[in-house]
Amino acid sequence: MASIVVLLAVFVMTLGNVTIHATVGLFGRSIGLSEFQVGVIIASSAFLFALTSSRWGRFADERGRRPVILSGLVGAAASLLLFGALFTLKKGDVDVFVAFLALFGARTVYGFLCGGVQPAATAYMADITSHRDRAAGVAMVGAAFGLGTVVGPVLVALLVEYGFAVAPLVACILTVLTAIVVVALLCDLPPTPAMNTSPPMASAGRITPYLALAFVFHFAFAGLQATNAFYVQDTLKVDTIEAVQQASLVSLTFATSSFVFQAFVVRLLKWSPGKLMSTGLVVCGVTSVACLMAPDFGWLMLSFGLMGIGFAATQSGLTAGASLVSSGNRQGRVAGQLQAAVSAAWIIGPLVGAGLYEVTMNGPLGFTAGAMALGLVVLIAVTAPRAA
25 MASIVVLLAV FVMTLGNVTI HATVGLFGRS IGLSEFQVGV IIASSAFLFA LTSSRWGRFA
85 DERGRRPVIL SGLVGAAASL LLFGALFTLK KGDVDVFVAF LALFGARTVY GFLCGGVQPA
145 ATAYMADITS HRDRAAGVAM VGAAFGLGTV VGPVLVALLV EYGFAVAPLV ACILTVLTAI
205 VVVALLCDLP PTPAMNTSPP MASAGRITPY LALAFVFHFA FAGLQATNAF YVQDTLKVDT
265 IEAVQQASLV SLTFATSSFV FQAFVVRLLK WSPGKLMSTG LVVCGVTSVA CLMAPDFGWL
325 MLSFGLMGIG FAATQSGLTA GASLVSSGNR QGRVAGQLQA AVSAAWIIGP LVGAGLYEVT
385 MNGPLGFTAG AMALGLVVLI AVTAPRAA
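Here this note's numbering is used: the first residue of the sequence shown is 25, the next is one more, and so on.
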């Protein structure tokens, strides 16, 4: 039961985050914010994640997984409530810069309190799995994340016609309910793992390549996600509401394929982390180029669906590989370091992606293709120590 509650927390956290990503860009545009300002809002939480994730992971190792997860749920609920209130604004209600600052503030609430949820969940799944089953175990955290990215766009697509505020407020209610479940059912997560059979603590040199690959990989996807709704609107020439709905469906396709791969295919393939990562990077690079040639909505859906498989393969291999070179009593710390690297990418990625988009709408996708090639180079550093 405890593992289900942990995965539920990851799912709900992701769902809430996706509702903001799917709506804040076009809401911001509707009240006069620039693409760059939207990028700053999205990046603000990533900056705080980069600063706090390692500490949250350390806290999870020392005090247990439960308080870290609960703190994140409380922070997410507060942030979603603030966004729901702000999304009721119309153009001209307040000064554009004031609206920017308010949205920025709502996002920082999320950043301060939510950076430890995924590291704590990953560490918990490592606690209860053996060395042999580690990849499948930590992949379930990715699957919960993926399911959140599936349901989030559906929620937005169904509710956006009633206003930008509705989806975040519904997500807020779900987050509060999940926090209550955590309080009621997640009562005994020991701070010191008892069931882990990991190898001895790896040197910093074995962890560093995974952190580098995580940064490169998520740097590209951060810029892509920050501009995805703009790309859909400008490519398909649709109005704001249609753009939100179609961008949400594109994201849904990506997330569905990612979820299915992590929840089911990883267990069946039984590939090594290195094979998962190399295959995923190639698929992501090829599908990024395919998106640049998209003539219609169907092509975009197919391309992003295949890209989701590549993303899931890479992320599954990355998380499992980092966990396998870490000792049992440091799973939270290592997961936190990995989250910090990802978050650092999300600080710069949306800014670079938005900046590239203002130069050319094809910029973020082209950049993603190049970053995947760079990721393959970084992967050599990741796998070389294992071959020695």
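Yeah, the Cβ is synthetic: ideal placement off N, Cα and C, and Gly gets one too.
Secondary structure of K114, DSSP reduced to three states: Looking up residue 114 in the sequence shown gives position 90. In the structure shown, K114 sits in coil (DSSP, three-state: anything other than H, G, I, E or B).
Identity of the residue in T343, A46, S78 and A378 nearest A364 by Cα: Counting from 1 along the sequence shown, the entry for residue 364 is found at position 340. Among T343, A46, S78 and A378, the Cα nearest to that of A364 is on S78.
Beta-carbon proximity check, M396 vs G309, cutoff 9 Å: Along the sequence shown, one-based indexing puts residue 396 at 372. Along the sequence shown, one-based indexing puts residue 309 at 285. Result yes, Cβ atoms of M396 and G309 sit closer than 9 Å.
Cβ contact check for the segment 237-251 and the segment 362-380: 3 or more pairs under 8 Å: yes
Whole beta strand (DSSP E) elements within the segment 253-288, 3-residue minimum: none
Supposed contact pair P192 and A279 - C-beta distance, whole angstroms, cut 8 Å: Position 255 of the sequence shown holds residue 279. Position 168 of the sequence shown holds residue 192. Actually they are not in contact, since the Cβ atoms of A279 and P192 sit about 18 Å apart, beyond 8 Å.
Environment of M164 [buried if 16+ CB atoms lie within 10 Å]: Here residue 164 is taken as the residue at index 140 of the sequence shown, counted from 1. So M164 ends up on the buried side.
Cα-Cα separation between M325 and G394, rounded to whole angstroms: Numbered from 1 along the sequence shown, position 301 holds the residue referred to as residue 325. Numbered from 1 along the sequence shown, position 370 holds the residue referred to as residue 394. If you take the alpha carbons of M325 and G394, they lie about 21 Å apart.
Neighbourhood of V205 by C-beta distance below 8 Å, restricted to the same chain and skipping five residues each side: As a first step, residue 205 is located in the sequence shown; it is residue number 181 there, counting from the start. Cβ within range, chain order: V29 and L32.
Counted within 10 angstroms of its Cβ, other Cβ atoms place D151 as buried (16 or more) or exposed: On the sequence shown, residue 151 is found 127 positions in, with the first residue counted as 1. Classification for D151: buried.
Cα-Cα separation, L75 to A181: Locating residue 75 in the sequence shown gives position 51, counting from the first residue. Locating residue 181 in the sequence shown gives position 157, counting from the first residue. The alpha-carbon atoms of L75 and A181 are separated by roughly 33 Å.
Segment contact flag, the segment 93-106 with the segment 164-174, C-beta cutoff 8 Å, min 3 pairs: no
Residue closest to V306, alpha-carbon to alpha-carbon, out of A46, L201 and T338: Within the sequence shown, residue 306 is the residue found at index 282, counting from 1. Of the listed residues, the one whose Cα sits closest to V306 is T338.
Spatial distance of G345 from R230 (CA atoms): What you label residue 345 is simply residue 321 of the sequence shown in a count that begins at 1. What you label residue 230 is simply residue 206 of the sequence shown in a count that begins at 1. Approximately 10 Å, taken between the alpha carbons.
DSSP state of G139 mapped onto helix, strand, coil: Start at 1 with the first residue of the sequence shown, and residue 139 comes out as number 115. Coil, per DSSP.
Where the alpha helix (DSSP H) containing Y381 begins and where it ends: Walking along the sequence shown from the start, residue 381 turns up at place 357. Run containing Y381: Q355 to V383, per the alpha helix (DSSP H) assignment.
Same chain only: Cβ atoms within 7 Å of R291, ignoring 5 sequence neighbours per side: Your numbering for residue 291 matches position 267 in the sequence shown. Answer for R291: A160, listed in chain order.
From A123, Q361 and D119, residue whose alpha carbon lies closest to that of A109: By one-based count along the sequence shown, residue 109 stands at place 85. Selected option, being the one with the closest Cα: A123.
Burial state of T43 (16 or more Cβ within 10 Å): If you number the sequence shown from 1, residue 43 lands on position 19. Buried: at least 16 other Cβ atoms inside 10 Å.
D356, buried or exposed, once every other Cβ within 10 Å from all chains shown has been counted against 16: Locating residue 356 in the sequence shown gives position 332, where the first residue counts as 1. One point to set straight first is that residue 356 is Gly, not Asp, in the sequence displayed. Buried, because 16 or more other Cβ atoms sit within 10 Å of the Cβ of G356.
Pair within 9 Å by beta-carbon distance, L26 and Y148: To locate residue 26, count along the sequence shown from 1; it is residue 2. To locate residue 148, count along the sequence shown from 1; it is residue 124. The identity of residue 26 in the sequence shown is Ala, whereas the question assumes Leu. In this structure, Y148 lies closer than 9 Å to A26 by Cβ.
Alpha-carbon spacing of A189 relative to L127, whole angstroms: Residue numbering aside, residue 189 sits at position 165 when the sequence shown is read from its first letter. Residue numbering aside, residue 127 sits at position 103 when the sequence shown is read from its first letter. Computed Cα separation, rounded: 13 Å.
C-beta atoms of V268 and V184 nearer than 9 Å: Residue 268 sits at position 244 when you count from the first residue of the sequence shown. Residue 184 sits at position 160 when you count from the first residue of the sequence shown. Yes.
Ordered list of alpha helix (DSSP H) runs contained in the segment 170-218, each at least 4 residues: 190-209
Contact with chain B by A145, beta-carbon distance below 9 Å: Any reference to chain B falls outside this structure, which holds one protein chain only.
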